[in-house]
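Note that my numbering gives residue 147 to position 147 of the sequence shown, counting from 1, and the numbers run on in steps of one.
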Amino acid sequence: MAVLGIESSAHTFGVGIIENGKIIANRKRMYKIGKTGMIPVKVAEFHSKNARSVIESAIAEAGISIADIEAIGYTKGPGLGPCLRVGQLSAKTLAVSIGVPLFPVNHGLGHIEVTRQAFHMHDPIALYVSGGNSQILALDEQPFRHYKVYGETLDIGVGNMLDNFARAAGLNPAWGSTVAKVALGGSYIQMPYTVKGMDFAFAGILTHATKALSYTGVSDVAYSLQETSFAMLCEAVERAIMLTGKKELLTCGGVAQSARLKEMLSLMAMEHAVRFVAAPDELNADNGAMIALVAEKMLYSGARPEAPIINQRSRPDSAVVTW
Ligand code: FE2
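Here's what the structure looks like:
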């Protein structure tokens, strides 16, 4: 028996299928982002057009029939409302037509759990970094078993910060990786550095870097922006490691594809004798398998399916971890 998951929180419409914790299909179609960024209704339209074919191709890849699906998960949030709604509607329609339970899943939880599972981690600290989200989480038993947020961005996500900077600098997508390329060979210039306990903020550094483009070369600005913002993340994560005494660290989400961020985190982890892993790129990119995986864990641990809603501001720390 298998569990199917649908992810549609942003530019990706992804469908994954899990069988006993194993990914047996993971298909997706991605909306191409132009220089204007993402216009939610346009992306939702793209998802609606592709939903059926991506679901069908995932089922074909898994080599199962629709009768083998015993539950369906979908991303309830956070994300863009119109896009989330397409995933929710597709999942709901399928679940009702084949008569199986439907599990709304928090997107960040999907990223964390698919990474934890891939590397057989027991009790890691997770640095979840993407466009819209930047959080440090770890399992906590009180007042119920959940991923407690130890630290997070006080304004924008580190990925959005890099994207906004890239747009201001006239760089082409994919923005994060373009900034990384431009940063090569740059020299350090002073940047604002904002860490408050285990929280951090990126709006100030974005404003500073954008202004600096008028009097400094783009390579120096990109380099300094990347070094400083990643150092902020590392400092906050280091504090969480010291506080919790946990011995495993994972990073996940779109920005976790950054080679420089992974290098900095792994050096810091080594100093504390902490095991460090980052998910492979195909799992850090948004995908349906991570949603299916959480839905399967919910199903097998007896979680009661919640109301099939979407919540653009869904938080990972509000989900009960029943597994
Ligand atoms: Fe994501």
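Built from N, CA and C at the ideal position, the CB exists for glycine as well. Quick caveat, the model's predicted, so the values are computed rather than measured.
Which of helix, strand or coil does DSSP assign to residue i?
i	result
residue 2	strand
residue 245	coil
residue 211	helix
residue 107	helix
residue 300	helix
residue 146	strand
residue 26	strand
residue 288	helix
residue 250	strand
residue 31	coil
residue 324	With the chain covering 1 to 323 only, the question about residue 324 has no answer from this structure.
residue 235	helix
residue 199	strand
residue 79	coil
residue 294	helix
residue 43	helix
residue 240	helix
residue 158	helix
residue 204	helix
residue 64	coil
residue 282	helix
residue 227	helix
residue 15	strand
residue 153	strand
residue 71	strand
Say the cut is 7 Å; is the CB of residue i nearer than that to a heavy atom of the ligand FE2?
i	result
residue 134	no
residue 253	yes
residue 11	no
residue 122	no
residue 286	yes
residue 130	yes
residue 111	yes
residue 47	no
residue 146	no
residue 107	yes
Am I right that residue i and residue j are in contact with their C-beta atoms under 8 Å? What's the rounded C-beta distance?
i	j	result
residue 29	residue 58	Going by Cβ atoms, the distance from residue 29 to residue 58 rounds to 11 Å, so no, they are not a contact pair.
residue 76	residue 311	6 Å
residue 147	residue 316	5 Å
residue 291	residue 6	6 Å
residue 150	residue 137	7 Å
residue 264	residue 230	5 Å
residue 322	residue 303	4 Å
residue 157	residue 187	Going by Cβ atoms, the distance from residue 157 to residue 187 rounds to 27 Å, so no, they are not a contact pair.
residue 85	residue 44	7 Å
Quick one: is the Cβ of residue i within less than 7 Å of any heavy atom of the ligand MG?
i	result
residue 131	Of the ligands one can find in the structure shown, namely the ligand FE2, none is the ligand MG.
Just checking: is the beta-carbon of residue i within a distance shorter than 8 Å of some beta-carbon in chain D?
i	result
residue 104	Absent here is chain D; the protein component of the structure consists of one chain.
Taking three-plus beta-carbon pairs below 8 Å as touching, is the stretch 264–280 in contact with the stretch 239–252?
-> yes
Only counting runs of 3 or more residues, tell me where the beta strand (DSSP E) segments fall wholly within the stretch 254–278, in order along the chain.
-> 275–278
Can you give, in chain order, each stretch of the alpha helix (DSSP H) that sits fully within the stretch 82–144 and has at least 4 residues?
-> 107–118
Assess, as a yes-or-no matter, whether the stretch 162–169 is touched by the stretch 275–294 under the definition of 3 or more beta carbon pairs within less than 8 Å.
-> no
The stretch 245–262 contacting the stretch 119–139, beta-carbon criterion three pairs below 8 Å | yes
Taking one C-beta from the stretch 193–201 and one from the stretch 95–108 each time, how about it: are there three or more such pairs within less than 8 Å?
-> no
Inter-stretch contact (C-beta, 8 Å, three-pair minimum) for the stretch 63–74 and the stretch 1–18 = yes
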